[in-house]
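Protein chains in written order, with my numbering: chain H, -18 to 195; chain P, -18 to 195.
To start, the structure under review is shown below, and the notes come after it.
2 protein chains.
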Amino acid sequence: MNLAAYIDHTLLKPDCSEADIAQLCREAITHGFAAVCVPPNFVAQAAEQVKCSGVKVATVIGFPLGYNLSTAKMVEAFSAIEDGAHEMDMVMNISAFKSGAIDVVRNDIQAIFAICKAEDVVLKVIIETALLNQNEIKSICELCAEIEVDFVKTSTGFSHSGAVLEDVQLMRQVLPEHIQIKASGGIKTKAQAEAFIEAGASRLGCSSSLQLIR
Amino acid sequence: MNLAAYIDHTLLKPDCSEADIAQLCREAITHGFAAVCVPPNFVAQAAEQVKCSGVKVATVIGFPLGYNLSTAKMVEAFSAIEDGAHEMDMVMNISAFKSGAIDVVRNDIQAIFAICKAEDVVLKVIIETALLNQNEIKSICELCAEIEVDFVKTSTGFSHSGAVLEDVQLMRQVLPEHIQIKASGGIKTKAQAEAFIEAGASRLGCSSSLQLIR
């Protein structure tokens, strides 16, 4: 299995620098990772650097807490596309979901979905499984399936835990086959990575990608 | 000392609900906290609830990582004002600062400052001291003083540590007297709160406010 092709090589620390992002992009090109996942303010730099390499540029929207207004998320999405992003990892509005405001959650995802689809950009919706019970995971996966997003993604990596195998298995059961799963947060070993793929993930978000493919 | 008048009663968890925010606002009115600090999507609700009580509504911009584009932060600021916010706690662009892009950091703060000043809204700039060394804290305080922001705030509460007494003392030395300091992150006891005020903070961001004033 060519593990590298499954990996979004990720650096989202608040204090990462231009030089760190340049290094991340070099590593992604060298090892053939699927994408780099970088903060909004580094999308243009990354897009320029990975140009023609086959590596995609992903960025984050409403990250990592998700309770930003949809208008702010939309501006982030438009700017990311303008700067050259190919993929977007948006955090759903978890606090609206917990308040029972499903229409807010739906409209928020749909707004970003519409922007992405108009530009052939891949949309991954981060549901933050660590903050959800099994019923909630099921319900939000059904909503994502209805909207036809490209990926449902487990975690931001900023909550108290990341991806859990059982959650990915549940997501795989609920989601139609054509909607992919990205497992992320705390994936640090090759064995973990392979287990998540076995459970149904077709993309992995990793900050420790080099140690993982070694 | 009336400790309550120093406190921004804060709830910024990604899964906080409408009911949690309603409870936060009730507590703030009962105890006379300076403000409630709430996620962007709950500003309108909080503003309606604390109306005429003297409690202010604060919200967060570019929170908690700071590397959002200025355009996205500006939309957050405009929307927050429209929804009734009186104060804004914005995270500076730490990753631009670490990349030596001081103009990006300055323009980012100035953009939000201009929006706030036009509407008499208080601006607090979160510098995330946990990610900065002493020289960096000094340098960013000088920049904030030059822009004449209302407050410099230590922490988001989402980094590996919150406010530290020595950092607040340093900030107080560097900042002119009329620029206030908000200490936040990990302040859980009355003794800690009083020590931060003694060190020069005139506002405290607390999630454990009730236990602190008891």
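Heads up, the beta-carbon is just placed ideally off N, CA and C, and yes, glycines get one too.
These figures come from a predicted structure and were not determined experimentally.
- Boundaries of the alpha helix (DSSP H) harbouring H:Lys79: 75 to 79, taken from the DSSP string.
- For H:Lys37, the three-state secondary structure derived from DSSP is strand.
- Sequence-distant Cβ neighbours of P:Ser51 in its own chain, meaning closer than 7 Å and more than five residues away, are Asn88, Asp89, Ala92.
- The residues Ile62, in chain order, have a CB closer than 6 Å to that of P:Glu100 in the same chain once the five nearest residues on each side in sequence are set aside.
- For P:Ser(-2), the nearest CB of chain H lies under 9 Å from its own CB, placing it at the interface with that chain.
- At a cut-off of 9 Å between C-beta atoms, P:Asn(-17) does not count as an interface residue with respect to chain H.
- Short of 6 Å from the beta carbon of P:Leu104, and not among the five residues preceding or following it, lie these beta carbons of its own chain, in chain order: Met69, Phe94, Cys97, Val130, Asp131.
- The distance from the Cβ of P:Pro157 to that of P:Ala182 is about 15 Å, inconsistent with a contact at the 8 Å cut-off.
- When only Cα atoms are considered, P:Thr110 and H:Ala174 end up about 34 Å apart.
- In the structure shown, P:Cys(-3) falls within a coil segment according to DSSP collapsed to helix, strand and coil.
- Following the DSSP letters along the chain, one finds P:Val17 inside the beta strand (DSSP E) bounded by residues 16 to 19.
- For P:Val155, the enclosing alpha helix (DSSP H) starts and ends at 146 to 155.
- Boundaries around H:Val56 are those of the alpha helix (DSSP H), 51 to 64, since no beta strand (DSSP E) includes it.
- The C-beta of H:Tyr48 comes closer than 9 Å to at least one C-beta of chain P.
- When P:Ser142, P:Ile10, P:Ala176, P:Val41 are compared, the shortest CA-CA separation from P:Ala66 is found for P:Val41.
- H:Phe94 carries a helical assignment under DSSP once its states are collapsed to helix, strand and coil.
- Under the DSSP assignment, H:Lys169 falls outside any alpha helix (DSSP H); it carries neither an H nor an E label.
- The C-beta of H:Thr(-9) comes no closer than 9 Å to any C-beta of chain P.
- According to the DSSP assignment, H:Glu123 belongs to the alpha helix (DSSP H) that extends over 115 to 128.
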